[in-house]
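Under the UniProt record's numbering, the residue at position 28 of the sequence shown is numbered 28, and the numbers go up by one with no gaps. Following: one structure in structure tokens, then a few remarks.
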Amino acid sequence: MDTTQLLKGVLDMAVLAVIVDDDGYGYDIVRRLRAAGLDEVGDASVYGTLRRLYSAGALSSYVVPSDGGPHRKYYGMNPHGRAMLAEQCANWTHFADTLTQLLENPQRSALLPTIGDNS
Numbered sequence: 001m002d003t004t005q006l007l008k009g010v011l012d013m014a015v016l017a018v019i020v021d022d023d024g025y026g027y028d029i030v031r032r033l034r035a036a037g038l039d040e041v042g043d044a045s046v047y048g049t050l051r052r053l054y055s056a057g058a059l060s061s062y063v064v065p066s067d068g069g070p071h072r073k074y075y076g077m078n079p080h081g082r083a084m085l086a087e088q089c090a091n092w093t094h095f096a097d098t099l100t101q102l103l104e105n106p107q108r109s110a111l112l113p114t115i116g117d118n119s
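Structure representation (structure tokens):
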């Protein structure tokens, strides 16, 4: 299965998850995502996601001088980012549970609540 579209849909959540407890700079975050099993993640996609999350107020940033190269811009979570991650995790869990039920019992699919339906 081509996971490219799935990854695009969850990249914000994945980036937030890998920096929730430990700030990171761009390529460090890419390496963490790949080490976690997201081998197909592209550098440009992660850098774009970091910029978008920062612009949305979900991340803070700071620059750390480097002895052997350019300074590194680190990103860290702030309260808005933590709230965003919590909401995305809840949405993902509901979505994954719904899809699992559908795959395990296709006949029940007509009885399942619609994804995004909070009732």
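Virtual Cβ for every residue (Gly too), placed ideally from N, Cα, C.
Could you check the C-alpha separation between residue i and residue j for me, to the nearest Å?
i	j	result
Arg82	Asn91	14 Å
Thr49	Val41	11 Å
Val20	Lys73	16 Å
Gly9	Leu16	13 Å
Hey, could you find the ends of the alpha helix (DSSP H) residue i is sitting in?
i	result
Asp12	Thr4 to Val18
What did DSSP end up calling residue i once you bin it into helix, strand or coil?
i	result
Asn91	helix
Asp97	helix
Quiz prompt | Runs of alpha helix (DSSP H) wholly within the region 23-79 (minimum 4 residues, chain order) | solution = If we require 4 residues or more, the alpha helix (DSSP H) runs fully inside the region 23-79 come out as 26-35 and 43-55.
Practice problem: Decide yes or no for the touch test of the region 87-104 against the region 57-70: beta carbon pairs closer than 8 Å, at least 3 of them. | Solution: No, the region 87-104 does not touch the region 57-70.
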